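J.:
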Ligand SMILES: [Zn+2]
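Numbering (the working numbering), first residue to last: 94 to 444.
This is the structure:
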């Protein structure tokens, strides 16, 4: 037993010295356990190696069982806690943020308040605004960070993924220590750490047809940066029906695009542009085609910019226009886009 503990301690310290992830260290300890168990079960009772490692296979089996039970108990507790947090956040009524700004908030948002187009009035509009962000991935990360920093009072974020190692190359709101945790809670922690004056409402679940209309009732503007075509069409239809603007961004390798879909104000909807989902293989996802690390930072930040403009009512949001950014050649261009007659989603809207 002492030998086992000594080896485990050694592996743990070595892993720490080499900056190995915690999961890899536990895997090594698991391997040592399996080796000890095999020695104590497979070798004859008088084998010197078996005697040196305890000699009793049953004892090792019981220890392994206890460790597995403790691990399982922790996992179950963690899941229950996550579910409770989700349900609590979803049950809470949409908060009505008081519009007055406290002294510390006036200080915090001073650079906004100095802007002629925003001022104190605009900052109070931001505080009262409720924005839903679909997807806490590449585009959602910078959008959420800037919405929180800008003082958007209520920020909803819906995503059902957990933080994966391959996300961290571009999804800058998540940290290495959040690996394996639901993205919405990771994003919530980052936003609340950045700005305690905003309320974050995490929804750790996929966007589903039966709940999307109810969800949108609590928000004024929706941002969509998800990479799932079915979710994009679902969110588009719900925004059209609710008459709410949809700030939409998309990425492909070195190129990004952004537009504000808003048929209630004469602009096309997402389906006007893309009546049918692209054929499989025609539009590779980030996972298949790759994407430049900083590109979602550019487009996601522009999504936050468009959202702030819509809330405060200044400038010309990208309604009826699509801005395309080619990072490889450092070029941007804007193309005019218009509503498509007979669009399944927005054809019935007078805009
Ligand atoms: Zn349409």
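Positions of the beta carbon are idealized from the N, C-alpha and C atoms, including for glycine. All values derive from a computational prediction rather than experimental measurement.
State the start and end residues of the unbroken alpha helix (DSSP H) segment that holds residue 198.
T.: Element bounds for residue 198: 196 to 201.
J.: Is it the case that the CB of residue 364 approaches a heavy atom of ligand 1 more closely than 7 Å?
T.: At least one heavy atom of ligand 1 is nearer than 7 Å to the Cβ of residue 364, so yes.
J.: When we look at the beta-carbon of residue 137 and count the other beta-carbons within 10 Å, is it buried (16 or more) or exposed?
T.: Looking at its Cβ environment, which holds fewer than 16 other Cβ atoms inside 10 Å, residue 137 is exposed.
J.: Reducing DSSP to helix, strand and coil, say where residue 142 ends up.
T.: Note: residue 142 maps to helix in three-state DSSP.
J.: Thinking residue 404 and residue 351 are a contact (beta carbons under 8 Å), I'd like their distance in whole angstroms, please.
T.: Contact doesn't hold; Cβ gap of about 17 Å is too wide.
J.: When you compare each of 305, 269, 389 to residue 252 by their alpha carbons, which one comes out closest?
T.: Ranking the options by Cα distance to residue 252, first place goes to 305.
J.: Rank 315, 289, 287, 276 by C-alpha distance to the C-alpha of residue 296 and give the top, closest one.
T.: Cα-wise, what sits closest to residue 296 is 276.
J.: Using the C-alpha atoms, what's the distance from residue 122 back to residue 325?
T.: About 44 Å.
J.: At the level of alpha carbons, what is the spacing between residue 204 and residue 100?
T.: Straight-line Cα distance between these residues: approximately 57 Å.
J.: Just checking my contact of residue 394 with residue 235 at CB under 8 Å: how many whole Å lie between their CB atoms?
T.: About 5 Å separates the two Cβ atoms, so the contact holds.
J.: Tell me the start and end of each unbroken beta strand (DSSP E) in the stretch 218 to 286 that is at least 3 residues and wholly inside, in chain order.
T.: DSSP runs (the beta strand (DSSP E)) wholly in the stretch 218 to 286: 223 to 227, 247 to 251.
J.: Hey, could you find the ends of the alpha helix (DSSP H) residue 295 is sitting in?
T.: First-last for residue 295: 292 to 296, but that is the beta strand (DSSP E), not the alpha helix (DSSP H).
J.: Alpha carbon to alpha carbon, what distance is there between residue 142 and residue 388?
T.: If you take the alpha carbons of residue 388 and residue 142, they lie about 57 Å apart.
J.: Counting C-beta neighbours from all protein chains within 10 Å, is the total for residue 441 16 or more, i.e. buried, or is it exposed?
T.: Residue 441 should be labelled exposed.
J.: Answer with buried or exposed for residue 94, where buried requires no fewer than 16 other C-beta atoms within 10 angstroms of its C-beta.
T.: So residue 94 ends up on the exposed side.
J.: Ligand 1 heavy atoms versus the CB of residue 332: any closer than 7 Å?
T.: No, since every heavy atom of ligand 1 falls outside the 7 Å radius drawn around the Cβ of residue 332.
J.: What are the boundary residues of the alpha helix (DSSP H) that includes residue 396?
T.: Start and end: 388 to 405.
J.: For the stretch 213 to 222 against the stretch 262 to 274, do three or more pairs of beta-carbon atoms, one drawn from each stretch, fall closer than 8 Å, so that the two count as touching?
T.: Contact between the stretch 213 to 222 and the stretch 262 to 274 is absent, because fewer than three Cβ pairs lie under 8 Å.
J.: Taking C-alpha atoms, which residue in 434, 157, 321 lies nearest to residue 129?
T.: Out of 434, 157, 321, 157 has the C-alpha closest to the C-alpha of residue 129.
J.: Under 8 Å between C-beta atoms, does residue 126 make it to chain C?
T.: Absent from the structure is chain C; it holds one protein chain and no more.
J.: Given residue 329, which residues of its chain have a CB within under 7 Å of its CB, disregarding the five upstream and five downstream residues?
T.: Cβ within range, chain order: 339, 354, 362, 363, 364, 438.
J.: Which residue or residues does DSSP assign as beta-bridge partners of residue 426?
T.: BP columns for residue 426 point to 417.
J.: Express the C-alpha separation of residue 162 and residue 127 in angstroms, rounding to a whole number.
T.: About 16 Å.
J.: Label residue 258 either buried or exposed according to how many other C-beta atoms from any shown protein chain fall within 10 Å of its C-beta, with 16 as the threshold for buried.
T.: Answer is exposed; the Cβ neighbour count stays below 16.
J.: Skipping 5 residues on each side, what residues in its chain have a beta carbon closer than 6 Å to that of residue 228?
T.: Result list for residue 228: 252, 318, 319, in chain order.
J.: Which of the three DSSP states is assigned to residue 350 in this structure?
T.: Residue state, collapsed to three classes: strand.
J.: Specify the secondary structure class of residue 385 as computed by DSSP and reduced to three states.
T.: Of the three classes helix, strand and coil, the one that applies to residue 385 here is coil, per DSSP.
J.: Just list the residues that DSSP pairs residue 341 with in beta bridges.
T.: DSSP, once it has assigned bridges, lists 317, 352 as partnering residue 341.
J.: For residue 172 and residue 255, I'd like the C-alpha separation in whole angstroms.
T.: So the two alpha carbons sit approximately 12 Å from each other.
J.: State buried or exposed for residue 372, treating a residue as buried only when at least 16 other CB atoms are found within 10 Å of its CB.
T.: Residue 372 is exposed by the Cβ-count criterion.
J.: DSSP three-state label for residue 433, please.
T.: Coil, per DSSP.
J.: So, is residue 153 buried or exposed, given that buried needs 16 or more other C-beta atoms within 10 angstroms?
T.: Buried: at least 16 other Cβ atoms inside 10 Å.
J.: Terminal residues of the continuous alpha helix (DSSP H) containing residue 412?
T.: No alpha helix (DSSP H) holds residue 412; DSSP gives it neither H nor E.
J.: Alpha carbon to alpha carbon, how far is residue 147 from residue 260? Give it in angstroms, no decimals.
T.: Rounded to the nearest angstrom, the two C-alpha atoms are 44 Å apart.
J.: Rounded to a whole number of angstroms, what is the C-alpha to C-alpha distance between residue 239 and residue 119?
T.: About 37 Å.
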